[in-house]
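Worksheet: one structure, shown below.
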Amino acid sequence: MDDRQVIKQVLQGNTDQYAVLMDRYHNEMFSFVFNMVGQYQDTEDLVQEIFYKTYQSLSKYDSDKAGFRTWLYRIASNHTINYVNSKYHKSKVASEVDVDLLQDDTDIIEDTIRDEQLNAIVAAMKKVLIKKHQKILSLHYFSGLTVQEISESLDIPDKTIYKALKTGIEKIKQEVTQHG
Amino acid sequence: MAKLHRSIDPIRMEEAKERTMTAVMDRIEPKPQTIFWRSILRPVLIPTVALLVILAVLFFPDTNPPIDDPGVLSAYDSQKLAELSYLSGNFIGANLTVSLPYYAFLADGDETEFEQEDVRINFYFDTLRVYLEDIDFTQVVQSEVLTDSEFDYLITFELHDKSYSFYVRIDGSDLVGELIVGAIIFDVTGTLEETDTETRFDLEAISGDDYVRIQYRYEVEDEIESKYEVQSRINGVETEQEIKVSREDNEEEVEIKDGDNEYTLKREVEDGETIYKLEYKINGVEGEARIVETTDINGNAIFQYSVKEGDIEKDIERGRPHYDFDDEDEDEDDDNPGNDNPGNQSYDGSSTLIQNSL
């Protein structure tokens, strides 16, 4: 059963089927949130909220506009960035960031990097970027979405995504260079 | 696969997956006819279940529920709720209890507009500066399950060394309760709704002819913004205040509209020292003040306001606001040697003159 069929069943009252969607996307969401937050318990809490929020909004989902996965990322990025930006998330001090990690090309090599570096990048994003750009950059770096999928997820043209990536990365580089 | 990623322990992720699926499915429940109500009910549950369970976790680690307890909500939610309880309780209590004396007769010839309102400003500063600091609101709220009561939960918190007791019951999408402040009991009703980008909470507390209404809006767009609109009538005096707490580009500020007067409070670091800055417009006159907190020889908190208003510059000192409760057990409190916290006393310094106008 594809996502659309599962969603249809859930909306018809067969709510057990929602577990299928969670089973399908949990690890991807967990990975995305964990990349930004860096704490297991916070990540688990946030992912629970994301799936619950998604369930609550399921009747508003329009499959003609976006795939379920990209729509889920939209909710996940919103929820996670709200948390990261809140006073309850303790920002780590920006330090020791290898600015070469920050590239805007789509073929960037996947890389597992040290927690401190990711914490510093997230903290810099929070500090210097507006929320819209935070979403774009976080989806670009921390999710498995392509630029086209980010465009679909956020309902923003590709061109704007590329522009935001470029200016956002420059700002972050500047921030970590100045304060790193 | 993400382009930049942390190393994740796959076992922990799988364990989290199992707990998450169980918790979310338990919250959903296969009752199609109640989906709409549950979506509304959940936010209403937040101030109760979250405070009950999560705060129990925070305060009483030995009694932790199982980690996959579906009632466990995120620490983020519990923080928001504790914050809401803090501010709501504070304004309800303060509308009852803050002494607002008149100083006009003390005018010294170059009196500022600031001094006309300094007690009120002092209260705002004392209450709202928490938004400019890293305050853990859950430290001020505790809760317990009531098993033999018409109410489901009791939420208690201490503000300015006085206890607030909030008995609450969930009734559909509504919240019904009693807030006890000193010897006064308020009947409280409220509704809480949540959308993708906005949380709305309407609360009304009534005691006889007195009332306090609070409308709370929490919006998330490019900036995070919480807005409180407070309307009250206490002893026949009607007031309206609007408080907006916003955060953008890592900066937080609190804006207050009180009738035609406006105040903006910010925290800044100058030469390594944290100071608070207040910009205001009172009776059409603009001014600003730097605020520094110190303590007097008795350990009482003192706020020093360096006011600049037009050509006038002056320093004004105020103790913490005086919260004068109509408390039946006041004498008992006075006899309690352990209850001599400075915040529980009227500051008697020569620079702070407190008169109870209520």
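Which chain is which? The protein sequence lines are A and B, in order. -15 is the number of the first residue of the first sequence in the working numbering; add one for each residue after it. 2 is the number of the first residue of the second sequence in the working numbering; add one for each residue after it. The beta carbon of each residue, even a glycine, is placed where N, CA and C say it ideally should be. Every value quoted in this text rests on a predicted model; they were computed, and no experiment measured them.
State buried or exposed for residue i, treating a residue as buried only when at least 16 other CB atoms are found within 10 Å of its CB.
i                  : result
Ser8 (chain B)     : exposed
Asn19 (chain A)    : buried
Asp127 (chain B)   : buried
Arg(-12) (chain A) : exposed
Asn299 (chain B)   : exposed
Ile12 (chain B)    : exposed
Glu159 (chain A)   : buried
Asp27 (chain B)    : exposed
Gly311 (chain B)   : exposed
Met(-15) (chain A) : exposed
Thr151 (chain A)   : exposed
Asp139 (chain A)   : exposed
Asn(-2) (chain A)  : exposed
Lys143 (chain A)   : exposed
Thr275 (chain B)   : exposed
Glu145 (chain B)   : exposed
Run through chain B and tell me which residues come within less than 8 angstroms of residue i, C-beta to C-beta.
i               : result
Thr54 (chain A) : Simply none; closest approach about 15 angstroms.
Ser61 (chain A) : Going along chain B, no residue has its Cβ under 8 angstroms from Ser61 (chain A), so there is no contact; the nearest lies around 12 angstroms.
Glu28 (chain A) : Ala17, Arg20, Thr21
According to DSSP, is residue i part of a helix, a strand, or is it coil?
i                  : result
Ser166 (chain B)   : strand
Glu16 (chain B)    : helix
Phe176 (chain A)   : Nothing about residue 176 (chain A) can be read from this structure; chain A reaches only from -15 to 164.
Glu159 (chain A)   : helix
Asp259 (chain B)   : strand
Lys282 (chain B)   : strand
Leu97 (chain B)    : With a pLDDT of 48 at Leu97 (chain B), under the threshold of 50, the modelled position of this residue cannot be trusted; read the value that follows with caution. In the structure shown, Leu97 (chain B) sits in a helix (DSSP, three-state: H, G or I).
Ile140 (chain A)   : coil
Arg214 (chain B)   : strand
Ala50 (chain A)    : coil
Ile244 (chain B)   : strand
Ser122 (chain A)   : helix
Thr295 (chain B)   : strand
Ser127 (chain A)   : coil
Ser150 (chain B)   : coil
Leu56 (chain A)    : helix
Arg7 (chain B)     : coil
Gly191 (chain B)   : strand
Leu102 (chain A)   : helix
Ser233 (chain B)   : strand
Asp(-13) (chain A) : helix
In whole angstroms, what is the alpha-carbon distance linking residue i and residue j?
i                 : j                : result
Thr190 (chain B)  : Ser150 (chain B) : 18 angstroms
Lys4 (chain B)    : Lys37 (chain A)  : 26 angstroms
Ile283 (chain B)  : Asp203 (chain B) : 29 angstroms
Asp297 (chain B)  : Phe124 (chain B) : 19 angstroms
Val238 (chain B)  : Gly260 (chain B) : 13 angstroms
Asp316 (chain B)  : Thr113 (chain B) : 11 angstroms
Val213 (chain B)  : Asp188 (chain B) : 10 angstroms
Arg53 (chain A)   : Leu121 (chain A) : 18 angstroms
Gln(-7) (chain A) : Glu220 (chain B) : 32 angstroms
Ala3 (chain A)    : Ser208 (chain B) : 47 angstroms
Tyr387 (chain B)  : Ala290 (chain B) : Lying before the first or after the last residue shown, residue 387 (chain B) is absent from chain B, which here runs from 2 to 359.
Leu56 (chain A)   : Tyr45 (chain A)  : 10 angstroms
Ala212 (chain A)  : Met22 (chain B)  : Chain A is shown from -15 up to 164; residue 212 (chain A) falls before or after that span and cannot be answered.
Ser15 (chain A)   : Glu136 (chain A) : 20 angstroms
Ile122 (chain B)  : Glu179 (chain B) : 29 angstroms
Val308 (chain B)  : His117 (chain A) : 40 angstroms
Ala50 (chain A)   : Ile145 (chain A) : 16 angstroms
Phe304 (chain B)  : Glu256 (chain B) : 19 angstroms
Ser61 (chain A)   : Leu129 (chain A) : 12 angstroms
Thr161 (chain A)  : Glu133 (chain A) : 30 angstroms
Tyr67 (chain A)   : Asn301 (chain B) : 36 angstroms
Leu147 (chain B)  : Asn262 (chain B) : 43 angstroms
Ala40 (chain A)   : Thr157 (chain B) : In the sequence as displayed, the identity of residue 40 (chain A) is Gln instead of Ala. If I take the Cα positions, the gap works out to 31 angstroms.
Glu116 (chain B)  : Arg130 (chain B) : 20 angstroms
For residue i, which residues in chain D fall below 7 angstroms Cβ to Cβ?
i               : result
Ala24 (chain B) : As a matter of chain content, chain D is missing from the structure shown, whose protein chains are A and B.
How would you list, in chain order, the residues of chain B whose beta-carbon sits under 7 angstroms from the beta-carbon of residue i?
i                  : result
Met(-15) (chain A) : Chain B residues near Met(-15) (chain A): none, gap ~17 angstroms exceeds 7 angstroms.
Ala3 (chain A)     : Met22, Met26
Asp99 (chain A)    : Arg7
Gly22 (chain A)    : Arg7
Leu102 (chain A)   : Leu5, Arg7
Can you pull the chain A neighbours of residue i, defined as C-beta to C-beta under 8 angstroms?
i               : result
Ile29 (chain B) : Thr(-1), Tyr2, Tyr36, Tyr39
Arg13 (chain B) : Tyr24
Could you name the residues of chain A that residue i contacts, counting a contact when the two beta carbons are closer than 7 angstroms?
i                : result
Lys228 (chain B) : Within 7 angstroms Cβ-Cβ: nothing; Lys228 (chain B) doesn't reach chain A, min ~16 angstroms.
Along chain B, which residues have their Cβ under 9 angstroms away from the Cβ of residue i?
i              : result
Asp7 (chain A) : Lys18, Met22
At a cut of 8 angstroms, does the stretch 9 to 17 of chain B reach the stretch 19 to 28 of chain A through at least three beta carbon pairs? yes
Are the stretch 1 to 10 of chain A and the stretch 108 to 120 of chain A touching by the rule of at least three beta carbon pairs closer than 8 angstroms? no
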